[in-house]
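In this note's numbering, the protein residues as written are 38 to 104.
We put the CB at the ideal spot given by N, CA and C, even for glycine.
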Amino acid sequence: MPSERSNGTDAVRHVKLEIDRLKVEQSKVLKDSIHVGMTLDEARKFYERRHQITKLIEELALLEKAQ
């Protein structure tokens, strides 16, 4: 059982770190876009990251619920 809990804790930590990394990237893109705008490709990547963050938050909720 301790191994399962450890794996769950590691998974939660990994998902939280990925969410944080994506949020930092999103924040940088938003700041940059205020000054120079956003290309269509940058906008597409922005919305893809937003979708990924949403999915990771859902995964995180499930992982935390399972602990």
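Along the chain, where does the alpha helix (DSSP H) containing residue i start, and where does it finish?
i: Thr91; result: 77 to 103
Exposed or buried, which one is residue i when buried takes at least 16 other CB atoms within 10 Å?
i: Val61; result: exposed
CA-CA distance, residue i and residue j?
i: Ile90; j: Glu96; result: 10 Å
i: Lys68; j: Glu85; result: 18 Å
i: Arg50; j: Lys82; result: 24 Å
i: Asp47; j: Arg87; result: 23 Å
i: Gly74; j: Val66; result: 9 Å
i: Glu101; j: Asp57; result: 17 Å
i: His72; j: Lys53; result: 30 Å
i: Ala80; j: Gln63; result: 11 Å
i: Ala98; j: Ser70; result: 31 Å
Look up residue i in the DSSP assignment and say whether it is helix, strand or coil.
i: Gly45; result: helix
Return the chain-ordered list of same chain residues with a C-beta closer than 8 Å to the C-beta of residue i, the five sequence neighbours on each side being excluded.
i: Leu59; result: Arg86, Gln89, Ile90, Leu93
i: Leu77; result: none
Go through its chain and collect everything with a Cβ distance to residue i's Cβ below 7 Å, but skip five positions before and after it.
i: Glu55; result: Leu93
i: Gly45; result: Leu100, Ala103, Gln104
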